[in-house]
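For reference, the structure discussed in these notes is given below.
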Ligand code: ZN
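In my numbering, the protein residues as written are 1 to 186.
Here you go:
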């Protein structure tokens with residue numbers, strides 16, 4: 001069985017556009033290392049970013065962002081998907097909700113997911129929930145997720161760890177486990 005890194009919402013609007021935060025930029029280098037290592041170790045890389053339609057319920061909460069077909073919904077240049085990666089679009093907080101992610105992971109023989117991206121307490125949390133509900137192991141790459149504030153970030157980390165039984169590992173620890181073939185223990 002394999003693991004898949006799920007890169008959530010590392011799209012232009014979340015990093016440089018309408019929902020931008022400097023906090024998002026600091027997770028780019030560790031995510032880059034993580035997905036490079038995933039590719040090299042035979043694990044999977046799946047990008048799932050917002051591509052909203054005007055009628056999506058979430059827009060009533062956050063306003064227009066990452067609209068389908070606009071530059072705002074494109075994966076940021078620094079993390080451009082490579083051949084062999086997978087790219088899906090989502091319209092809600094969860095990377096699993098009506099995106100085909102579950103089918104993709106099952107076909108790829110993936111039994112656990114590593115969650116990275118934005119925001120810890122919203123889309124990462126909902127993605128972790130749906131992974132947990134479907135029986136996938138969940139690991140949170142703690143230095144590869146961020147939110148708009150410390151409080152939101154920390155509450156998201158804690159919630160996912162406690163409620164969805166996730167492992168909380170740094171990208172370095174995850175990369176090391178892939179390199180040595182060791183299974184996550186934490
Ligand atoms: Zn959204």
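All residues carry an ideal CB built from backbone N, CA and C; glycine is no exception.
Could you tell me the alpha carbon to alpha carbon distance between residue i and residue j, rounded to whole angstroms?
{"i": "residue 137", "j": "residue 85", "result": "20 Å"}
{"i": "residue 184", "j": "residue 115", "result": "Bear in mind that the predicted position of residue 184 carries a pLDDT of just 49, short of 50, making it unreliable; the figure below should be weighed with that in mind. Going by the C-alpha atoms only, they are around 14 Å apart."}
{"i": "residue 57", "j": "residue 113", "result": "27 Å"}
{"i": "residue 186", "j": "residue 177", "result": "Confidence in residue 186 is poor, its pLDDT being 42 and thus under 50, which makes the residue's placement too unreliable to answer from."}
{"i": "residue 91", "j": "residue 123", "result": "11 Å"}
{"i": "residue 30", "j": "residue 60", "result": "32 Å"}
{"i": "residue 120", "j": "residue 50", "result": "15 Å"}
{"i": "residue 179", "j": "residue 128", "result": "24 Å"}
What do you reckon, is the C-beta of residue i under 7 Å from a heavy atom of the ligand ZN?
{"i": "residue 176", "result": "no"}
{"i": "residue 62", "result": "yes"}
{"i": "residue 119", "result": "no"}
{"i": "residue 89", "result": "no"}
Is any non-hydrogen atom of the ligand SAH found closer than 7 Å to the C-beta of residue i, if you look at the structure I gave you?
{"i": "residue 158", "result": "The ligand SAH is not part of the structure shown, which contains the ligand ZN as its ligands."}
For residue i versus residue j, is the C-beta spacing smaller than 8 Å?
{"i": "residue 34", "j": "residue 175", "result": "yes"}
{"i": "residue 27", "j": "residue 143", "result": "yes"}
{"i": "residue 156", "j": "residue 106", "result": "no"}
Which complete alpha helix (DSSP H) runs does the region 42 to 74 hold, if anything under 4 residues is left out?
59 to 62
Inside the region 78 to 147 only - beta strand (DSSP E) runs reaching at least 3 residues
86 to 90, 110 to 118 and 137 to 146
Starting from the N-terminal side, write out each stretch of the alpha helix (DSSP H) that is 4 residues or longer and does not extend beyond the region 7 to 47.
12 to 15, 22 to 25 and 28 to 40
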